[in-house]
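Report on the following structure.
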Amino acid sequence: MDKGSSFNEFGLMGKIDGFVREDNLKEDAIKIVKKIKPEWKDEDIQTKEFSEGITNKIILIWSGERENGILVRVYGANTDVIIDRSVERRNIQLLCKVGCSKPLYATFDNGIAYGFIEGVTLDEETVKDPEIYRCICKEIIRFHSVECDGEKSAYIWTKTRMFIENMPEKFPEEERTKKLKEKIASKETLLNEMEMLQNELSNLDSPVCFCHNDLLLQNLIYNKEKNRVYFIDYEYGFYNYEAFDIANHFNEYAGVNEVDYSRYPDKEYQMKWLKTFLREKNGGDVDNKEVEKLYVQVNKFSLLSHFFWGVWALIQAANSSIDFDFLEYSIVRFGEYNRKKDEFLKLTL
């Protein structure tokens, strides 16, 4: 954000009238952008729709240089059940001030318009490149140094509890309800499981800091010219444990649409990655004990990552209009949680 610009919680242009229909995305989004950039001529406007997201609809609109484009994000149906949009707007503006995000231009009736970060989305192979993951480490450290208002305590427990309390107990379709009852534990069981995790993980001495919390591959953009990885989509940004952010990122090596947990990094890879992270964080060499400690913290927190997104997916299964099988995704996340639970809980510092 420009230093001289006045703060507006809804963006540089404030709140503007307009509603973007999912079935008329391009035309409606252009109308929003024309209110922000009235000088853009219709014949010069270009668009690109992004299909990777499973929460929102996103379209890029630009005139001239693509790097000056504006992203229009249309909130998914009923996502206000799981996302505090005022926090998302705050996060964008907070991160913009420290050079981690482009500006928030405006808020409209069912979404936001904000700046575009040019680059290439990372995939299952490029994320493992040592030079690129060093850039990821640097960006995580930048994020974790951000200070925001409010108590500096891990919000993950409150958020997870809220998800559990709002999870569906049935669906309109009998078959899905049967699947839910057979494959997913009850609310009471999940609340007890969360308490067990809280007792196990909150004493691991992982620093609490501002975390992205959703470092899946589609949210990592590599800009080759700047040799920098940027993070996008800050709707789940809040104070959390350092080890959660890293653990969640490792879990996301498995992908989203075709989940394959054989891609979860082995110990040899993790130790190299974590050593790189600690070197960047500390500004010098680190001993193996420090790396081993972080390894234990991260793998224990990977359980909480599975648990958190498993419950999140249940909320989405009941509310989202996006074409994605959220119930099946929840089953997969809880399945991996249960598969790794004993192994990771046995790890000792």
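Sequential numbering of the sequence shown, starting at 1, is according to the UniProt record's numbering. Ideal Cβ positions, reconstructed from N, Cα and C, are used throughout, including at glycine.
The three-state secondary structure of S51, taken from DSSP, is coil. Around the beta-carbon of G14, fewer than 16 other beta-carbon atoms lie within 10 Å, marking it exposed. In the assembly as shown, N213 is a buried residue. Its beta-carbon has 16 or more other beta-carbons within 10 Å. R66 is not a Cβ neighbour of G11, given a cutoff of 9 Å. Excluding the 5 residues flanking it on each side, E200 has same chain C-beta neighbours closer than 8 Å at K300 and L345, in chain order.
The residues C96, Y114, G115, F116 and I117, in chain order, have a CB closer than 7 Å to that of K102 in the same chain once the five nearest residues on each side in sequence are set aside. Membership of L95 in the alpha helix (DSSP H) is indicated by the continuous run R85 to K97. Spatial neighbours of Y261 in its own chain (CB-CB distance under 6 Å, excluding positions within 5 residues in sequence) are listed in chain order as A254 and E336. The alpha-carbon separation between P172 and L180 amounts to approximately 12 Å. Leaving aside the five residues that flank H249 on each side, the residues in its chain whose CB is nearer than 7 Å to its CB run, in chain order, L215. When DSSP states are grouped into helix, strand and coil, T107 belongs to the strand group. Under the three-state reduction of DSSP output, G237 falls in the coil class, being neither helix nor strand. Bridge pairing for L220: F231 [DSSP]. In the same chain as I36, and ignoring 5 residues on each side of it, the C-beta atoms closer than 8 Å to its own belong to M13, I16, I70, Y105, A106 and A113, in chain order. Looking only at E139, N110 and L327, the smallest Cα-Cα distance to G99 is reached by E139. Contact between N56 and V74 holds: CB atoms are separated by about 6 Å, below the 8 Å threshold. According to DSSP, residue pairing for S63 in a beta bridge involves I45. By alpha-carbon distance to N219, the top candidate from R333, T79 and D123 is D123.
Between E9 and the set F50, F108, L60 and V20, the nearest pair of CA atoms involves F108.
Setting aside the 5 residues that flank it on each side, R263 is surrounded in the same chain by E124, Y253, A254 and G255, each with a C-beta closer than 8 Å to its C-beta; the list follows chain order.
I141 and L327 have their C-alpha atoms some 34 Å from each other. Annotation for R339: the continuous alpha helix (DSSP H) segment containing it runs F326 to L345. Counting the other Cβ atoms within 10 Å of the Cβ of P265 gives 16 or more, which makes it buried. In the DSSP assignment, R73 falls within the unbroken beta strand (DSSP E) covering I70 to V74.
Its Cα nearest to that of L60, the residue T47 stands out among T47, E174 and E225. For V33, the enclosing alpha helix (DSSP H) starts and ends at L25 to I36. Taking 9 Å as the cut-off, the Cβ atoms of E49 and K26 count as close.
Note on R333: 16 or more other CB atoms within 10 angstroms of its CB, so buried under the neighbour-count rule. Between V87 and V33, the beta carbon gap of about 24 Å keeps them out of contact (Cβ cut-off 8 Å).
Rounded to whole angstroms, the separation of the alpha carbons of S202 and I246 is 16 Å. Ranked by Cα distance from D44, the first of L304, G111, W62 and V286 is W62. For I331, the CB contacts under 6 Å within the same chain, skipping 5 residues up- and downstream, are K183 in chain order. Under the three-pair Cβ rule at 8 Å, the stretch 232-244 counts as touching the stretch 148-157.
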